[in-house]
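Beneath this line is the structure, given in structure tokens, with notes to follow.
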Amino acid sequence: MTTNHSTTEYENTILGVLPPMLLSDYLYNNKFLKKSYDKNEIIHIEGEECTQIEIIMQGEIAIERIGISGDLMTVNHFGNGDIIGANLIFSSTDCYPMTITAKKQTEVITVQKDVLFELCNSYPTFLMQFIKIISDLSVLIGTKMKNRISRTIRQSIITYLSKQSMLQNSYNIKLAMSKKSLAEMFGVSRTSLSRELQKMSSEGLIAFDAKSIQILNKDILE
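The numbering of the sequence shown is the UniProt record's numbering, which starts it at 1 and goes up by one.
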């Protein structure tokens, strides 16, 4: 049985490449489900298994993580037509690495893994579009990481020192963890952390040893 679901609103999404009658049938039979989220509502939490993709029809979704100072950091924003979970759904590591949150009133179409596989297997145009979306997302993530990594290490150090300086009420920060653990918290290698600390030391910003970091230039603090 079919029904006349309007398919016009899907034209600017990946669903727009599907035959209109098929799209209408999938909507009627709940193979495509509409869901709404309020502003600041959590959609997925870090570590949750990805069992579906969400196609954003309206609104805005953010990928967020807890920063080293305990603050919420926004890693990326997604808007109309974008897909959440495309790079995870068929991955062997299919858990969300960060929290997914609606930043405004948001409406999505959810497509379960088995339905997505069915579409990719039956409609080459849909498959090509899906592969393109995954590829574009991989390039975007790689480019952002490349552009941010050099400044992220120093900024992470400065944020950490600023927080600890307030907590310890001192410019001589006693480290409660090893350099290796500190590097893991920043999401970088120990070698990269040591290199950046050496740079900051040579610039006269800090002095450090195995158990402490002394802030020499207070202007770097946030």
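Glycine included, each C-beta is placed from N, C-alpha and C at the ideal position. Here the structure is a predicted model, which is why all the values come from computation and not from measurement.
Collapsed DSSP secondary structure at residue i in the structure displayed
i           : result
A183        : helix
residue 223 : With the chain covering 1 to 222 only, the question about residue 223 has no answer from this structure.
F130        : helix
Q155        : helix
I14         : helix
T93         : coil
M177        : coil
I220        : helix
E41         : coil
E64         : strand
Limits of the beta strand (DSSP E) - the one that residue i falls within
i    : result
K35  : F32 to Y37
N172 : N172 to K174
T101 : T99 to A102
A207 : I206 to F208
Same chain only: Cβ atoms within 7 Å of residue i, ignoring 5 sequence neighbours per side
i    : result
C120 : F126, L127 and F130
A210 : none
V75  : I63, E64, R65 and M98
Q112 : T51 and Q52
Residue range of the unbroken alpha helix (DSSP H) whose run includes residue i
i    : result
S202 : R190 to S202
F117 : K113 to S122
S212 : No alpha helix (DSSP H) contains S212, which is instead part of the beta strand (DSSP E) from S212 to I215.
L27  : P20 to Y28
Counterpart residues of residue i in DSSP-defined beta bridges
i    : result
V139 : Answer is none; V139 lacks a bridge partner.
Q58  : E107
N76  : I63
Proximal residues to residue i (C-beta, below 8 Å), its chain only, five neighbours per side dropped
i  : result
T2 : Reliability of the predicted coordinates at T2 is poor, the pLDDT of 45 falling under 50, and no value is obtained from them.
Cut-off 6 Å between Cβ atoms - residues of its own chain near residue i, not counting five sequence neighbours on either side
i    : result
E196 : I153 and R154
E41  : A102
> For the region 91-111 against the region 58-67, are there 3 or more C-beta pairs whose distance is under 8 Å?
Replying inline: yes
> Would the region 85-95 and the region 41-55 be scored as touching if the rule is three or more Cβ pairs under 8 Å?
Replying inline: yes
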